[in-house]
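*Asks:* The sequence shown maps to residues 375 to 495 in this note's numbering.
Dumping the structure here so I can ask a few things about it.
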Amino acid sequence: MSWNLNAATPIYYQIEDKIKNDIINGKYLPGQKLPGVRDLAMEASVNPNTMQRALSDLERDGFIITLGTNGRVVTSDLDLIKQEKETQFHSITKAYIVKIQALGFTVQEAADKILHSEEEI
């Protein structure tokens, strides 16, 4: 199954974001072994070198750890995972506020609409 990657953003950035989100939302748990590079590349329909680059960046940033020939595991650093979740939340919220204000809504009006929309969902 493809990961719905697009050409507008470098593929390896999109892969990093996807795997980070999978860590944040619990698809990959702290300490859990990740699938191999080739398996992930096949799942994402990308070149293994592209997947390797994304995984190397995630390792540099502390989200995954390489265990030599035993593969890679998700970090056990819960603070790092929580911090990334908060960072993404603030980024999404800031972008949303800018857009709703451009439409002429106040933050309070948007919050009220969100609460009412949530009841409908």
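A virtual CB, placed ideally from N, CA and C, is assigned to each residue, including glycine.
If you're wondering where the values come from, they're calculated on a predicted model, not measured in any experiment.
If you compare alpha carbons, which of 405, 403, 426, 404 is closest to residue 414?
*Replies:* 426
*Asks:* I'd like to confirm the pairing. Which residues does DSSP put opposite residue 448 in its beta bridges?
*Replies:* 438
*Asks:* For residue 387, count the other beta carbons within 10 Å of its own beta carbon; 16 or more makes it buried, fewer makes it exposed. Which is it?
*Replies:* exposed
*Asks:* Residues bridged to residue 407 by DSSP?
*Replies:* 447
*Asks:* Beta-carbon separation of residue 385 and residue 420 under 8 Å?
*Replies:* yes
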